[in-house]
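So that you can map any letter, position 23 of the sequence shown is 23 in full-length UniProt numbering, and since no number is skipped, the others follow by simple counting. In this text, a Cβ means the ideal position worked out from N, Cα and C, and glycines have one as well.
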Amino acid sequence: MNLAELKAEASKCQFCGFCEFACPTYRSIRMMHFGPRGRVNLIRNFDGELSEAAYTGIMTCLGCRNCDIQCPAGIKIAEIIHEFKAYIINEKIYKNKK
1 MNLAELKAEA SKCQFCGFCE FACPTYRSIR MMHFGPRGRV NLIRNFDGEL
51 SEAAYTGIMT CLGCRNCDIQ CPAGIKIAEI IHEFKAYIIN EKIYKNKK
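Below, the structure written as structure tokens:
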């Protein structure tokens with residue numbers, strides 16, 4: 001998926017939060033950007049730069065896909081996050097951490 005497709009898929013999120021309770025990193029850390037809903041929101045609103053907190057939030061996704069199972073909208077959240085990780089690494093966005 002290209003960035004526009006990732007953002008379009010992320011825009012389908014209704015922010016219901018069902019995915020949060022299935023996410024091991026969110027359950028452990030309890031900060032929004034460490035959960036699927038926060039990660040999807042970061043992708044949806046990505047403007048070309050990531051703060052260090054946003055970068056860390058994205059990169060700590062384990063890819064377990066528990067969030068996908070819980071999503072009533074049927075969004076493949078883990079795939080979006082995985083593809084976005086690849087995008088920020090390939091585009092060297094990680095060097096723009098602030």
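Would you mind reading off the limits of the alpha helix (DSSP H) that contains residue i?
{"i": "isoleucine 81", "result": "77 to 90"}
{"i": "isoleucine 29", "result": "24 to 29"}
{"i": "cysteine 67", "result": "66 to 70"}
Verify whether the separation of the beta carbon atoms of residue i and residue j is less than 8 Å.
{"i": "proline 72", "j": "cysteine 23", "result": "no"}
{"i": "glutamate 83", "j": "methionine 31", "result": "no"}
{"i": "cysteine 13", "j": "cysteine 67", "result": "no"}
{"i": "valine 40", "j": "isoleucine 80", "result": "yes"}
{"i": "glutamate 9", "j": "isoleucine 75", "result": "yes"}
Residue i: which of the options sits nearest, CA to CA?
{"i": "alanine 78", "options": "Asn90, Ile88, Glu91, Ile58", "result": "Ile58"}
{"i": "glycine 38", "options": "Glu49, Thr25, Gly48", "result": "Thr25"}
{"i": "arginine 65", "options": "Leu3, Pro36, Lys92", "result": "Pro36"}
Going by beta carbon distance, what residues of the same chain come within less than 8 Å of residue i, once the five residues before and after it are set aside?
{"i": "lysine 97", "result": "The predicted position of lysine 97 is uncertain, since its pLDDT is 49 and thus under 50; a value taken from the coordinates is nonetheless stated next. Excluding residues within five positions, the ones whose Cβ falls inside 8 Å are Leu50, Ser51, Glu52, Tyr55."}
{"i": "lysine 7", "result": "Ile43, Arg44, Phe46"}
{"i": "lysine 85", "result": "Ile58, Met59, Cys61"}
Please go through the same chain and pick out, in chain order, the residues whose beta-carbon is closer than 7 Å to the beta-carbon of residue i, but skip the five residues on each side of it.
{"i": "phenylalanine 34", "result": "Thr25, Tyr26, Gly57, Thr60"}
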